[in-house]
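Take a look at the structure set out below.
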Amino acid sequence: MRTSNWLVPGALLLLAAIPGIAGSLRLAEFAGGAQVLADSERITSAPLPVIVHIVSVLVFSVLGAFQFAPRLRRRRGWHRVAGRVVVPAGLVAALSGLWLSLFLPRSPIDGDATAAVRVVVVGYMAVSLSLGLAAVLRRDFARHRAWMIRGYAIGMGAGTQAFTQGFWLVTAGPLTMWGKTGTLAAGWLINIAVAEWVIRRTRS
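Each residue of the sequence shown is one higher than the one before, starting from 7 at the first, in our numbering.
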């Protein structure tokens, strides 16, 4: 087994682990465990959408990472079966994220700009995954790959945002309303830029 086959999936799994751990702790809270995360009262005001979002994101991010393993991707049976789980999970993650952005009570540093950014981004994610699905049904595998990479990049935004928000905390102090908006947007923009670089690199 070549190590290079697992470098990208391994890096993606590490990135997914950051929000994955937080999501798992939140699920433990819902199951009656100790409250170890901030903002628990606000989050637990809508348990079902939050649980659906966490579970779908975990499935999408973890299983989706293995779709980037060259050895597994060449096994069409695996890639096809996994895709039938990854795409619905991603769409559920996007739609539940949209619901949470619109209807979950806001934190003190969540403003209209933050909500607008989230709505635009999760909409882009849902459209990307839908276009990726439509492309593979037409057997247009190049466009399928490109749109799925874009959709996955958006779905992995929380991992990158842990670093952008960490940078803000170190350099500027506690998050402000505009600081949160900026760091969230920066995380998604970084992922989109990387996705476009990967797409162009594979085309060339």
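Using N, Cα and C, we set each Cβ at its ideal position, and we do this for glycine too.
Query                                                                                                             : Result
Backbone CA spacing between Pro114 and Trp84 [nearest angstrom]                                                   : 45 Å
The segment 62-78 / the segment 157-169 touching (three or more Cβ pairs under 8 Å)                               : yes
Through-space distance from Ile155 to Arg3, alpha-carbon basis                                                    : Because the chain in this structure spans residues 7 to 210, residue 3 falls outside the shown range and cannot be described.
Residue from Ala34, Phe173 and Arg86 with nearest C-alpha to Arg145                                               : Arg86
Whole alpha helix (DSSP H) elements within the segment 108-180, 4-residue minimum                                 : 118-143, 147-161 and 163-178
Span of the alpha helix (DSSP H) around Arg48                                                                     : Ser46 to Ile49
Spatial neighbours of Ala178 in its chain, beta-carbon cut-off 7 Å, leaving aside the 5 residues before and after : Gly185
Presumed contact (8 Å Cβ cut-off) between Met131 and Gly157, rounded CB distance                                  : 5 Å
Classification of Pro76 by the beta-carbon crowding that lies within 10 angstroms, buried from 16 upward          : exposed
Buried/exposed call for Leu108, threshold 16 Cβ in 10 Å                                                           : exposed
First through last residue of the alpha helix (DSSP H) which encompasses Trp194                                   : Met183 to Arg209
Proximity to Ala52 [Cα-Cα], best of Ala192, Leu110, Gly38 and Thr189                                              : Leu110
Sufficient close CB pairs (3 or more, under 8 Å) joining the segment 53-64 to the segment 29-36                   : yes
Burial state of Ser67 (16 or more Cβ within 10 Å)                                                                 : buried
8 Å CB neighbourhood of Val142 in its chain, flanking five on each side removed                                   : Gly89 and His150
Cβ neighbour criterion (16 or more within 10 Å) applied to Pro15                                                  : buried
Rounded Cβ spacing between Ile49 and Val42 (contact assumed at less than 8 Å)                                     : In fact, because the Cβ distance is near 12 Å, the residues do not count as touching under 8 Å.
Coil, strand or helix - Phe74 by DSSP                                                                             : coil
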